[in-house]
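Worksheet for the structure shown next.
Chains as they are written, first to last, in this note's numbering: chain A, 148 to 684; chain B, 688 to 1103.
So this is what it looks like as structure tokens:
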């Protein structure tokens, strides 16, 4: 092989040299020799490159046969997947834009019960909440699960209720006496407040009143500004995404297992609250979802498949029925729907949550059954490896950083623990020696099965927008995110609305922010733009 | 770790000596990726950053640098009638090429980076990496004998007025490397146009003109070659009779493809052993660089494809009209002449100055192909058009984007 190339190479050079001096040489022979030689050289180079990739893959512990390690995509990457057999009814959407970040520390599919000692509800989890809500019970008072904890003085009808029973131990304050956490020391056995549940055929206002008084209203998220809805707001649709494609996100099939009736009841309640329909976004990527999702009654089903953010509810809304004008759309997580359903079935406020403990810095990533707002110290006790870590309530893309003595967020369904990356790396940008997740073609990724151990290093400093087309390749929506960001920076309200800011929320642009070459803080820019727009309306 | 501690100890104070601090910071972040962690937003970030992007483009250009350096020497000796084979006189040609290229390279970077450091210190932010690519491109688009003071002025013009006046990296409207070339083109046209400028090392390109060797040739390199027993630079060489320093494009303008192939063979034009700017002659190596950029998804393939489509379409129209000999040149022949491939691979694909929407990139590329070819073929004064076409389209790239975005906005608002 090498001798062949060498021979052809020499023939080429000889021909080249002769061609320089007199142009009467037979061009046909020269060009054919040159072409064959070039093809052989390039083929040898590509072969060498893919062999080197295989060696690196083996060094990193990845089986080179299982995924496509070579430089070029294989034929199977081009054939778009057909609709899977289990996706029987509803529309099917396949996305090519996006990117799956494959992190190490996936939770093993075992569910353990873990009752923490302390729980807290944080008013800071809610956009638009006034900084000092009125806390009803006194410190030291006992509350039952479902009793009122606090309410916003501007909207006293919407009550935020306790997830567990126990004693209020502390009302933690933040800046300027704002309330950051209302902390409950939980009873070993949780006792629930029992209420009389209205019939589902009652007036809408009765149902709304009931839900607001008993802590169910904050479970609903209203788009476009991600707020708890007004009591008189009627959404044109309600969307629920039943699968989460974020890195290390929990599997909702495991979450809903055993709670199928509650989920269906929750859907029935929600159908009464909208002028349109309740839509379920179902996982069409390969594994059949739970029957609670695929056989749900009274809802429209839509199947989605593709890389992250195919599981984002914003993407589903965009492809089924985009938000237009002043319309409101509600979104809920699966676990919130289960809580609503359980209340309407039993009359008790059950804020149980299945939380996935994930991340490469955990010795035993798993699922735990606990309650909303559990303390992170109890959840992660004895599980964390190493000292210099970051604890995130939520996923690495759009979660919140919490301290070791903190509590998980209101709508969180996972805790991720990753290493802090606060050390210098010699020529880190030129020779990325440690494997790191990337969407770029310049950083090797050894097939789609590699699991990366990410850290929190920014890998570069913030710059102006330079690269174009990067965000569009990661957002499967008909939106130009870079131009939207520029409109937000310049404060151009009409342009922001025209470019579709109302269709986006932080988790939709989180992947774009991850991949941004200029390290721009897109999520906070988007939130600034949304706040700006909300003030104008 | 000891080295890192030492480096951090000698950090100059930001308030007292801002320029030194900026220079220190630039070199420090060049050597060490900073240790900053994410504060808000995503907790993990992609491993790709702007430095890596720029360096990938510079790496893609390196083969052009190697070949271009050697070609400077080769063209010099072909004009003198000596060492006509490409490999003959290897050491002499390489030495001559280095003597010509290295001062250009050093002056470009010293002037450009010096201005960048100064502005970064004045504004109080880090030196941004935009000049890595511009500084690598500018030597490749200059003729080999360009006077260094003209080069320094052009780089200063491009960086100060083309880039810093607009706000630095990511804010410029026009391609910086092309701005420096266009400055030389309009201010000192005789150094960059005509048949005299593409062969280096002679007093002028006329029959019997003498060579122009300096100390580096006769003192430094000749002594090395003598001790090694190799042939040396001959100070009595002259330009051979009947030699014109015409590039293929200049010949095509006069007499079409036949006149070009009378002087240069197609393989010469393809591989690049022809007179021209330093880096633009070797089509195969530029195509290799373009391939690297496309595979790593650093440059947009849509712009490159659009330019080729524009070139082919316009050539067909011109071939159909066929009133001058130049208009009969086919598109494959056009690809082999001039700086089309270099402009396509490295100049037009600059993400800051090109259109930012995918549809816009196609339109941008096609229009560059169209206008550039029209200037090349129909322009009586200067037989190459890509610099002007790209600068023209840089001015209109935001307009193209505007119309694409407006149609998106209209579509969204009509839903409501």
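Where is the CB? At the ideal position from N, CA and C, for every residue including glycine.
When secondary structure is reduced to three states using DSSP, residue 308 of chain A falls in the strand class. Considering only beta carbons, the part of the region 528-560 of chain A lying closer than 8 Å to chain B consists of 537, 539, 543, 544, 545, 546 and 548, in chain order. Ranked by how close their Cα comes to the Cα of residue 435 of chain A, the residues A/678, A/238 and A/450 have A/450 in first place.
Here residue 928 of chain B is exposed. Its C-beta has fewer than 16 other C-beta atoms within 10 Å. For the pair residue 822 of chain B and residue 792 of chain B, the Cα-to-Cα distance works out to about 8 Å.
Listed along chain B is no residue with a C-beta nearer than 8 Å to that of residue 230 of chain A; the closest approach is about 27 Å. As far as DSSP is concerned, residue 642 of chain A takes part in no beta bridge. Under the 8 Å criterion on CB atoms, residue 509 of chain A is classed as non-interfacial with respect to chain B. Excluding residues up to 5 positions away in sequence, 454 and 455 lie with their Cβ nearer than 6 Å to the Cβ of residue 247 of chain A in the same chain. Remark: C-beta atoms of residue 521 of chain A and residue 263 of chain A approach each other more closely than 8 Å. Inter-residue distance for residue 918 of chain B and residue 779 of chain B is about 8 Å (C-alpha atoms, whole angstroms).
Judged by beta-carbon spacing, residue 728 of chain B lies beyond the 8 Å limit of residue 587 of chain A, meaning their Cβ atoms are not closer than that value.
Sorting A/373, A/265 and A/659 by C-alpha distance to the C-alpha of residue 477 of chain A places A/373 at the top. At a Cβ-Cβ threshold of 8 Å, residue 614 of chain A and residue 856 of chain B do not count as neighbours. Only buried fits residue 867 of chain B, as 16 or more other CB atoms lie within 10 angstroms of its CB. In chain order, 611 make up the part of chain A whose C-beta sits under 8 Å from the C-beta of residue 855 of chain B.
Taking C-beta separations shorter than 7 Å and ignoring five residues to either side along the sequence, the partners of residue 790 of chain B in its chain run 835, following chain order. Each of A/279, A/564 and A/513 was checked against the Cα of residue 318 of chain A, and the nearest Cα belongs to A/279.
Straight through space, the alpha carbons of residue 548 of chain A and residue 462 of chain A are spaced by roughly 25 Å. Linking residue 1035 of chain B to residue 991 of chain B through their CA atoms gives a straight-line distance of about 8 Å. Each of A/256, A/326, A/268 and A/339 was checked against the Cα of residue 294 of chain A, and the nearest Cα belongs to A/339.
Taking the Cα positions, residue 668 of chain A is about 6 Å away from residue 660 of chain A.
Counting only runs that start and end inside the region 1028-1057 of chain B, there is no alpha helix (DSSP H) element of at least 4 residues. Residue 674 of chain A: member of the alpha helix (DSSP H) spanning 669-683, first to last residue. Residue 560 of chain A sits buried, since 16 or more C-beta atoms from the chains shown fall within 10 Å of its C-beta. Neighbourhood of residue 931 of chain B in chain A, by CB distance below 7 Å: empty, with the nearest CB roughly 17 Å away. Look at residue 828 of chain B: its C-beta is not under 8 Å from any C-beta on chain A.
Under the criterion of beta carbons closer than 8 Å, residue 1037 of chain B and residue 607 of chain A do not qualify as touching, at roughly 19 Å.
Here residue 706 of chain B is near residue 808 of chain B, since their CB atoms are less than 8 Å apart. Following the DSSP letters along the chain, one finds residue 1001 of chain B inside the alpha helix (DSSP H) bounded by residues 988-1008.
Here residue 653 of chain A is actually not in contact with residue 724 of chain B; their C-beta atoms are around 19 Å apart, not less than 8 Å.
Using beta-carbon distances, residue 711 of chain B does not count as an interface residue toward chain A, since no partner is under 8 Å. One thing to note: residue 650 of chain A has its Cβ no nearer than 8 Å to the Cβ of residue 485 of chain A. Under the criterion of beta carbons closer than 8 Å, residue 425 of chain A and residue 438 of chain A do not qualify as touching, at roughly 17 Å. Within a 10 Å sphere around the beta-carbon of residue 641 of chain A sit fewer than 16 other beta-carbons, which makes this residue exposed. If you check the CB distance, residue 287 of chain A and residue 315 of chain A come in under 8 Å.
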